[in-house]
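A.B. asks:
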Amino acid sequence: MAVTTSKLLWCTIRFKEKEGNWWVKENSDPKHYEPDGLGILDPFQFPWVLDMMDPLREYGLSNEILEAAFVPFQAQDIEKDKDQTVRLVRVAEHILDCEEQLFALPNVKDGDKGAYADFLEHIMRLRVKLINDTIKLEQKLTVEDVDEQLSELRNQAMIEGRDIHPFEEITDILEFVPQGHEVPGDDDDDDKPARPQGAAEDIADLPDVEEVDKDMEKNLRWDDEEEPTEEGGAEGGPEGGKPPGKSSGRRR
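If you want the numbering used here, it's the position in the sequence shown, counting the first as 1, plus 1473.
1. List the DSSP bridge partners of Asn1628.
2. Taking just the CA atoms, how far does Arg1635 sit from Pro1651?
3. Could you check if Ala1588 is buried or exposed, using at least 16 other CB atoms within 10 Å of its CB as the buried criterion?
4. Determine the extent of the beta strand (DSSP E) in which Pro1579 is found, giving its start and end residues.
5. Leu1603: buried (16+ other C-beta within 10 angstroms of its C-beta) or exposed?
6. Would you identify the three-state DSSP class for Arg1600, choosing helix, strand or coil?
7. If we ignore side chains and look at the alpha-carbon of each, how far apart do Glu1552 and Glu1507 end up?
8. Span of the alpha helix (DSSP H) holding Phe1488?
9. Which partner residues does Trp1521 have in the DSSP bridge list?
10. So who's on the other strand from Glu1492, going by DSSP bridges?
11. Find the nearest neighbour of Leu1623 within the set Leu1610, Thr1644, Val1544 and Leu1569, judged by alpha-carbon distance.
12. Between the stretch 1483–1498 and the stretch 1510–1529, do at least 3 Cβ pairs fall closer than 8 Å?
13. Suppose you measure from the CA of Cys1484 to the CA of Leu1561; what does that come to, to the nearest Å?
14. CB Ile1632 to CB Met1526, shorter than 8 Å?
15. When you compare the CB positions of Ala1542 and Pro1579, do they come within less than 8 Å of one another, or not?
16. In its own chain, which residues sit with a C-beta less than 7 Å from the C-beta of Glu1540, not counting the 5 before and 5 after it?
17. According to DSSP, is Lys1609 helix, strand or coil?
Right under this line is the structure:
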């Protein structure tokens, strides 16, 4: 295992008012994090997702898989432009331990075999277990059943030329219920986080730009398997572990 430095140190995001979601505009590692169609969870959405996953803990929800699935960022600077662009910097703290307002970027570094894809499959399997445990169905629900039905939503989005935001992608799984049934105890839709209306103006506690760690690259180091470069060396580094898993539904 070689110690490597991550290239994903910053990103800029913009707010789409019509959708009420943030999307990546640029980042420091476009090779592994293609900005086109890449959404990011905001400080309102990520805590809500964590609350929604609480019922899955008794079915084996893994903090390790959850930690690996997201790269934490904090707002550094707001650019007062027509795109309502915000510059984010990566933080070294574990995303579940940090008390600051954080944005959570899906770790799509390894695509369909990466940490975010593993996370989606993980929570889908646990959701299926919960449904089978709480609803009397004529035939037990399978992961394949859920995946097939959610794939129809993805295909419809592709037809409409619409990208699937990770918040939508995750909540589609966490709220999935077979047609004609309901899961006792599920939160109502009214409990979902309120979308920020002022976009960048609603982001609080911006750190002083000059106080942002100048040695960010030195602080953000992980053990990783060597990744060959064109010269045969090693570069890059993961933002989390990579347990076995399936695929991500993000349209590229």
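Ideal placement from N, C-alpha and C gives every residue a C-beta, glycine not left out.
C.D. replies: Result, derived from the coordinates:
1. Here residue 1628 refers to the residue found at position 155 of the sequence shown. Asn1628 pairs with nothing; no bridge assigned.
2. Numbered from 1 along the sequence shown, position 178 holds the residue referred to as residue 1651. Numbered from 1 along the sequence shown, position 162 holds the residue referred to as residue 1635. Rounded to the nearest angstrom, the two C-alpha atoms are 25 Å apart.
3. Counting from 1 along the sequence shown, the entry for residue 1588 is found at position 115. With 16 or more other Cβ atoms within 10 Å, it is buried.
4. Looking up residue 1579 in the sequence shown gives position 106. It spans Phe1576 to Pro1579 - the beta strand (DSSP E) in which Pro1579 sits, taken as one unbroken run.
5. Taking the first residue of the sequence shown as 1, we reach residue 1603 at position 130. By the 10 Å Cβ count, Leu1603 comes out buried.
6. Walking along the sequence shown from the start, residue 1600 turns up at place 127. Residue state, collapsed to three classes: helix.
7. Position 79 of the sequence shown, counting from 1, holds the residue named residue 1552. Position 34 of the sequence shown, counting from 1, holds the residue named residue 1507. When rounded, the distance between both Cα atoms is 22 Å.
8. Here residue 1488 is taken as the residue at index 15 of the sequence shown, counted from 1. No alpha helix (DSSP H) contains Phe1488, which is instead part of the beta strand (DSSP E) from Trp1483 to Lys1489.
9. The residue given as residue 1521 occupies position 48 in the sequence shown. Partner(s): none; Trp1521 has no beta bridge.
10. Position 19 of the sequence shown, counted from the first residue, corresponds to residue 1492. Paired residues: none, contrary to the question.
11. Mapped onto the sequence shown, residue 1623 falls at position 150. Nearest neighbour of Leu1623 by Cα position, chosen from Leu1610, Thr1644, Val1544 and Leu1569, turns out to be Thr1644.
12. Here the stretch 1483–1498 makes contact with the stretch 1510–1529; the two share three or more CB pairs at distances below 8 Å.
13. Here residue 1484 refers to the residue found at position 11 of the sequence shown. Here residue 1561 refers to the residue found at position 88 of the sequence shown. If you take the alpha carbons of Cys1484 and Leu1561, they lie about 5 Å apart.
14. As a first step, residue 1632 is located in the sequence shown; it is residue number 159 there, counting from the start. As a first step, residue 1526 is located in the sequence shown; it is residue number 53 there, counting from the start. Taking 8 Å as the cut-off, the Cβ atoms of Ile1632 and Met1526 do not count as close.
15. Translated into the one-based positions of the sequence shown, residue 1542 becomes position 69. Translated into the one-based positions of the sequence shown, residue 1579 becomes position 106. Taking the C-beta atoms as reference points, Pro1579 is found nearer than 8 Å to Ala1542.
16. In the sequence shown, counting from the first residue as 1, residue 1540 sits at position 67. Leaving aside the five residues that flank Glu1540 on each side, the residues in its chain whose CB is nearer than 7 Å to its CB run, in chain order, His1567, Ile1568, Leu1569 and Gly1713.
17. Taking the first residue of the sequence shown as 1, we reach residue 1609 at position 136. When DSSP states are grouped into helix, strand and coil, Lys1609 belongs to the coil group.
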